[in-house]
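Down below is the structure, laid out as structure tokens.
Structure representation (structure tokens):
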């Protein structure tokens with residue numbers, strides 16, 4: 035899996051920005067990079083596994099946890115951000 039990615043989301047009428055961390059799962063197959071997307075259970079839209087910061091956990095760890103919880107993905111997580 036690729037690095038944790040910080041995502042800012044607008045919430046409410048006050049346009050408050052909040053950070054989320056996401057995993058961008060990828061692999062190389064036959065010399066080509068493949069990106070894995072998952073569908074959300076509720077809306078059936080294509081999404082990247084992401085979640086809110088967790089107290090005491092680093093961003094790349096949060097992204098890895100979300101990848102497992104939301105998509106069952108297991109892999110190597112890079113600490114670098116995109």
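Numbering (our numbering), first residue to last: 35 to 116. Glycine residues also receive a C-beta, built at the ideal position from the N, C-alpha and C atoms. Values in this document were obtained by computation on a predicted structure and should not be read as measured data.
> Straight-line CA distance for residue 54 to residue 64?
Replying inline: Spanning the two alpha carbons is a distance of roughly 32 Å.
> Nearest-angstrom Cα distance between residue 154 and residue 94?
Replying inline: Here the chain covers residues 35 to 116 and nothing more, so residue 154 does not appear.
> So residue 82 packs on residue 57, CB below 8 Å; how close in whole Å?
Replying inline: Correct: roughly 7 Å between the Cβ atoms.
> For residue 84 versus residue 68, is the C-beta spacing smaller than 8 Å?
Replying inline: Cβ atoms of residue 84 and residue 68: not closer than 8 Å.
> For residue 104, which residues of its own chain have a beta-carbon under 7 Å away from its beta-carbon, when the five flanking residues on both sides are left out?
Replying inline: Within the same chain, Cβ atoms closer than 7 Å to the Cβ of residue 104 are found at 72, 83, the five residues on either side in sequence being excluded.
> Excluding sequence positions up to five away, which residues of its chain have a Cβ less than 8 Å from the Cβ of residue 91?
Replying inline: Result list for residue 91: 99, in chain order.
> Since residue 114 is in the alpha helix (DSSP H), which residue starts that stretch and which ends it?
Replying inline: DSSP places residue 114 in no alpha helix (DSSP H); its state is neither H nor E.
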